[in-house]
Structures are given as structure tokens and as C-alpha cells.
Amino acid sequence: MRVNLIARSVVVSLLVALVAAACAPGSSNNSGTVKGGTVKVIGTWTGSELDSFNAVLAPFTQRTGIQVLFDGQRDLDTILNTRVAAGDPPDLAAAPGPTLLSKFAQQGKVKDLSTFLDMSTLKSQYSQSWIDLGTVNGKFVQVFSWAALKGLIWYNPKVFQAKGYTVPKTWDDLIALQAKIKQDGTTPWCIAVESGGDSGWAGSDFHKEIALGTIGPSVYDKWWQGKQKWSSPEIKSTFTTFGQILGSGDSNVYGGANYVVNTNFGDVWTPMFQSPPKCNLVNQASFITDFFAKGPTHPVVGQDFNFFPMPAPNSQYQGAYVGAADAWSMFKDTPQARELLKYLVTPEAQTIWVKRGGKLSPNKATNLADYPDDLTRSIAKILVDAKIFRYDAGDLMPSDMKHAYWVGVMDYIRNQNNLDSILASLDKVQATAYTS
Numbered sequence: 206m207r208v209n210l211i212a213r214s215v216v217v218s219l220l221v222a223l224v225a226a227a228c229a230p231g232s233s234n235n236s237g238t239v240k241g242g243t244v245k246v247i248g249t250w251t252g253s254e255l256d257s258f259n260a261v262l263a264p265f266t267q268r269t270g271i272q273v274l275f276d277g278q279r280d281l282d283t284i285l286n287t288r289v290a291a292g293d294p295p296d297l298a299a300a301p302g303p304t305l306l307s308k309f310a311q312q313g314k315v316k317d318l319s320t321f322l323d324m325s326t327l328k329s330q331y332s333q334s335w336i337d338l339g340t341v342n343g344k345f346v347q348v349f350s351w352a353a354l355k356g357l358i359w360y361n362p363k364v365f366q367a368k369g370y371t372v373p374k375t376w377d378d379l380i381a382l383q384a385k386i387k388q389d390g391t392t393p394w395c396i397a398v399e400s401g402g403d404s405g406w407a408g409s410d411f412h413k414e415i416a417l418g419t420i421g422p423s424v425y426d427k428w429w430q431g432k433q434k435w436s437s438p439e440i441k442s443t444f445t446t447f448g449q450i451l452g453s454g455d456s457n458v459y460g461g462a463n464y465v466v467n468t469n470f471g472d473v474w475t476p477m478f479q480s481p482p483k484c485n486l487v488n489q490a491s492f493i494t495d496f497f498a499k500g501p502t503h504p505v506v507g508q509d510f511n512f513f514p515m516p517a518p519n520s521q522y523q524g525a526y527v528g529a530a531d532a533w534s535m536f537k538d539t540p541q542a543r544e545l546l547k548y549l550v551t552p553e554a555q556t557i558w559v560k561r562g563g564k565l566s567p568n569k570a571t572n573l574a575d576y577p578d579d580l581t582r583s584i585a586k587i588l589v590d591a592k593i594f595r596y597d598a599g600d601l602m603p604s605d606m607k608h609a610y611w612v613g614v615m616d617y618i619r620n621q622n623n624l625d626s627i628l629a630s631l632d633k634v635q636a637t638a639y640t641s
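Residue numbers for the sequence shown follow this note's numbering, beginning at 206 and rising by one.
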């Protein structure tokens with residue numbers, strides 16, 4: 206059965222939930238009545254992201270005595286599908302988007318969270334868009350914790366000042382900037398898309414940001430819904446526009462295609478901070494600041510790195526942004542799992558990660574003052590001012606389509622001349638992915 210999300214157009218009302226500042230009231234969702242025991246959680250966080258999640262868990266464990274056993278898996282789709290099929294699901298799962306967990310909701314594998322969450326409090330702290338996004342077939346089966354804004358291009362302001370580069374305001378400005386960087390002897394871009402069984406998603410992020418700014422929200426929605434063929438002129442144009450970034454023979458990308466597809470996404474920024482820098486531009490979502498801060502060179506926010514929004518290739522869609530958030534579902538209804546989920550949706554829990562950097566909170570009661578620096582607050586301002594916002598298209602596609610998309614982007618990076626055959630293959634997947 207086709208995954209049927211009630212999230213067909215996540216628009217500006219969702220943005221307000223991400224960034225609205227307010228005092229953080231207490232929440233009856235955080236009751237703390239259960240003492241001791243364990244809760245098993247599977248998710249994708251590793252490295253610095255896992256460090257931040259553990260920081261979130263610390264006061265919960267101290268207060269309740271509940272131990273959280275976390276299993277970090279980058280290949281979440283495969284692992285979770287295997288475990289559920291074998292009758293061995295975790296208590297809770299955290300996925301970087303709603304589609305995977307919505308599929309299990311369609312199968313009756315996850316629990317209705319409204320049976321124990323304080324929905325009145327939740328609706329007062331989350332916009333209706335988030336509630337709708339977590340609702341499948343009339344049941345509230347997902348909540349969202351931390352979010353990210355995509356379409357951000359990172360650079361070293363010291364290098365820009367030394368070289369006389371200016372932040373581009375239009376797509377043509379961006380293309381001219383990358384040409385100038387290349388002329389000055391540096392490869393313009395660093396791109397890295399390796400992520401285990403989920404390799405390619407980082408490249409798809411870059412592409413879908415270009416897509417929204419090229420074809421606009423209406424065609425974008427038809428595309429992820431499976432109503433717009435990949436081989437259509439509209440979608441094909443988004444790939445050829447991405448090709449302007451890659452350059453002929455990947456000449457605009459540090460290390461070429463082989464480096465891009467074999468380098469972990471979390472290491473994408475490292476060459477930019479070498480001396481001399483190996484590239485001057487990195488496209489990645491707001492979470493990448495967490496990787497910057499914990500990297501070996503410890504770049505300083507605002508001094509060693511800053512960002513500018515990626516200009517839209519089509520000027521009528523200037524100010525269009527893509528975003529995503531971590532989704533949670535419950536497979537086993539235990540007292541410990543209930544307590545953890547109640548805690549995770551509170552401002553208290555979400556503020557801990559917000560203060561550490563790399564994430565935004567969808568809870569309206571999270572105060573803007575708790576963001577760690579002006580840079581992060583400026584990202585929040587972009588969300589507020591966004592003319593067009595859409596949830597990550599890949600995260601809304603059926604799993605088979607999403608993974609084929611990731612592979613297709615990697616294939617395109619390897620050889621742009623194969624675009625027609627890549628799109629034809631994606632059309633074939635699309636023909637069945639939305640009916641299974």
C-alpha cells in the first residue's frame with residue numbers, strides 16, 4: 206500500500222514552529238513517574254551527533270534511572286526492515302524523515318502516540334503542520350525532535366576577504382564566483398556523499414535544493430509524489446543545472462567523482478580548512494556546524510566559517526528552502542519508552558542539543574536566545590523570512606524510490622553523460638515504488 210502522508214505541502218506555518226521564540230513552559234509530557242529499566246532505541250546518529258544525543262539523555266537518565274540503549278546505524282532502512290520482519294523491533298526508532306516510519310504505520314507496526322502523550326500541550330508547542338506530518342491514516346504515530354535547514358553554502362570569510370570574493374546574491378553570481386575561484390587556482394567545491402548503505406543522500410540534498418529553486422514548489426510536490434516523471438524536461442533540467450556546479454568532467458569538485466562518492470559526508474569540509482585550502486565552497490545543511498566545531502582544526506564560527514543561502518537558479522523562486530527533521534515512532538509500548546518519548550518532545554530536551562549547535566528545534570517553546578551563536582540565529586531568521594519552504598523530497602518518497610534517487614545522483618556525479626539512462630532507470634523505479 207502506498208505511504209499516505211498528510212504532508213503534501215509543508216509551508217510557512219511549519220517554519221514558525223522551527224524558530225518562534227517563547228518562554229519555555231513546563232510540560233506534562235515529561236512526567237518522570239517511571240523509575241529504572243531500559244529502553245532500546247535505533248537511529249542514525251554517530252560521532253558528534255551521538256555525543257549531542259547522549260547529552261540530551263543525561264538529565265533524563267539521572268532523573269528517572271532509565272538506561273537508553275542506543276544502536277546507531279547509518280543503513281537504517283535495511284537494519285530496521287530486517288529487525289521488524291524478524292519480530293525483533295526496537296522500542297523506539299528515530300529516522301531522518303517520516304517515510305520509513307510511516308510505512309510501518311501503514312502496516313500497523315507502530316503505536317498511536319496520542320494514547321499517552323499530552324496532545325493539548327503538544328499542539329500548543331508544535332504547529333499543526335508538524336502534527337499533520339506525524340499523522341498516518343488518522344493515527345498520530347510520529348513526533349519530531351530536531352530539525353535542519355538545507356541549501357546553505359559554507360565558506361571561509363578570511364579567504365574570501367583575502368581573495369576579494371563577494372557573497373553571491375543570484376545564481377549567475379554563484380556561477381561567476383566558482384569560475385573566479387577556479388581561475389585563481391583552487392577547485393571551487395568540496396562535495397562528499399559516502400554514508401554506508403545510505404550513500405548518496407548528501408548529493409541528493411544538493412540536487413533537490415537546486416530542484417526547488419529551478420522548478421518551483423508545484424512541480425516539486427508532483428515530483429516527490431510520483432506524479433512527475435524523472436525524464437520529464439522539468440526534472441532533467443534540475444540535473445543539468447546541478448551539472449553546472451560539478452563542471453565538465455567534475456572539474457569544479459575537489460578530488461573528482463571518485464573522491465566525492467568515497468568520502469564520508471561528515472568529512473566534506475576538511476579540505477576547505479587546510480592551508481592552503483583545497484576548495485572554497487561547501488554545500489550542507491545547518492547541522493554541519495556541529496562537525497566544524499568538533500573537527501581537528503576547531504574553526505571559529507563567524508571568523509573561520511560562515512554561510513550564505515544558495516541562490517535559486519530561477520529568480521522567481523528566490524528564497525525557496527528545503528528542510529528536514531528527525532522523526533520518532535514507537536514499536537514496543539513500554540513504560541520506559543513512553544517516558545523517553547514524553548521527554549524528547551519537551552523544550553528542555555530539545556534545548557540541550559540546540560545549545561550545542563548543529564540542530565534547530567521544532568518546538569515553539571524553545572527560545573531563540575538558547576541558540577549558541579549569531580550564525581545559528583541567522584539561520585533561524587532565514588526560516589522566518591522564507592518565501593517558499595518544502596520538506597526534503599527524498600524523505601517523502603517511498604524507500605525504494607529514495608534509495609534509487611541516491612544511487613542515481615552518485616551515478617550522475619560519476620558520469621554526467623549518462624543522464625538520460627539514469628533518468629530512465631528512475632522512471633522504472635517510480636512506476637512500481639508508489640504502488641507497493
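By construction, the Cβ of each residue, glycine as well, lies at the ideal position given by its N, Cα and C atoms.
(Q) Considering only the alpha carbon of each residue, which of P303, G292, L382 lies closest to T340? (A) P303
Q. What residue from Y360, G401, A263, G448 has the CA that sits closest to Q508's CA?
A. Y360
Q) From this set, S604, Y548, Y617, S534, which residue's C-alpha is nearest K316's C-alpha? A) S534
Q: Over the uninterrupted alpha helix (DSSP H) stretch that includes P438, give me the two end residues.
A: 438 to 451
Q.
At the level of alpha carbons, what is the spacing between Y331 and S325?
A. 10 Å
Q | Rounded straight-line distance, which links the Cα of I415 to that of P516 | A | 9 Å
Q.
When you measure from the CB of A636 to every non-hydrogen atom of the ligand HEM, does any distance come out below 7 Å?
A. With respect to small molecules bound, the structure shown includes none, and the ligand HEM cannot be examined in it.
**Q.** Reduced DSSP secondary structure (H/G/I, E/B, other) of R392
**A.** As written in the sequence, residue 392 is Thr, which differs from the Arg given in the question. T392 falls in the strand class under three-state DSSP.
Q) Is the distance from the Cβ of S350 to the Cβ of R561 below 8 Å? A) no
Q) For S233, which of helix, strand or coil comes out of DSSP? A) Reliability fails at S233, whose pLDDT of 49 lies under 50, so the model's placement of it is uncertain and the value that follows must be treated cautiously. Three-state result, S233: coil.
Q. On the premise that Q621 lies in contact with L451, defined as a C-beta separation below 8 Å, what is that separation, rounded to the nearest angstrom?
A. 7 Å
Q) Per DSSP, which one or two residues make a beta bridge with M535? A) L297
Q.
Less than 8 Å between the C-beta atoms of P295 and K374, yes or no?
A. no
Q) In three-state terms, what does DSSP make of G454? A) helix
**Q.** Cβ-based burial, D625 [other Cβ within 10 Å; buried from 16]
**A.** exposed
(Q) To the nearest angstrom, how far is the alpha carbon of Q383 from that of W394? (A) 8 Å
Q: Return the residue from the list D597, A310, A609 that minimises the CA-CA distance to L631.
A: A609
**Q.** Per DSSP, the bridge partner or partners of R582
**A.** Answer by DSSP bridge pairing: none, since R582 is not bridged.
Q | N-terminal and C-terminal residue of the beta strand (DSSP E) that T637 is part of | A | From DSSP, T637 is part of no beta strand (DSSP E) but of the alpha helix (DSSP H) over 624 to 638.
Q: Output the residue ranges of the alpha helix (DSSP H) runs that lie fully inside the region 245 to 311 and measure 4 residues or longer, sorted by chain position.
A: 252 to 269, 281 to 290, 304 to 311
**Q.** Spatial distance of N623 from N286 (CA atoms)
**A.** 32 Å
Q. Can you tell me whether DSSP reads Y360 as helix, strand or coil?
A. strand
Q. Can you pull the DSSP bridge partners for E544?
A. In DSSP, E544 forms no bridge with anything.
**Q.** Buried versus exposed, by CB contacts within 10 Å (16 or more), T419
**A.** buried
Q) If you check the beta carbons only, do I396 and G408 fall under 8 Å apart? A) yes
(Q) Please classify R595 as buried or exposed, where buried requires at least 16 other C-beta atoms within 10 Å of its C-beta. (A) buried
(Q) Buried or exposed, going by whether 16 or more other CB atoms sit within 10 Å of the CB of T455? (A) First, the amino acid is wrong: residue 455 is Asp here, not Thr. So D455 counts as buried.
Q: Using 10 angstroms around the beta-carbon of K308, count the other beta-carbons present and answer buried if the total reaches 16, otherwise exposed.
A: buried
**Q.** Reduced DSSP category for N463 - H, G, I as helix; E, B as strand; rest coil
**A.** helix
Q: Taking the CB atoms as reference points, tell me whether P482 and T371 lie closer together than 8 Å.
A: no
Q) Do you know whose CA, among V261, K413, V458, E544, lies nearest V527's CA? A) K413
Q.
I need the straight-line Cα distance from S329 to P552, nearest angstrom please.
A. 12 Å
(Q) Measuring straight from C-alpha to C-alpha, what distance separates V559 and T249? (A) 18 Å
Q: Give the straight-line distance between the Cα atoms of A290 and A367, rounded to the nearest whole angstrom.
A: 57 Å
Q: State whether the region 495 to 505 contacts the region 424 to 440, with contact taken as three or more CB pairs (one from each stretch) at a distance under 8 Å.
A: no
Q: Using the Cα positions of Q639 and P301, report the straight-line distance between them to the nearest angstrom.
A: Checking the displayed sequence, the identity of residue 639 turns out to be Tyr instead of Gln. Going by the C-alpha atoms only, they are around 20 Å apart.
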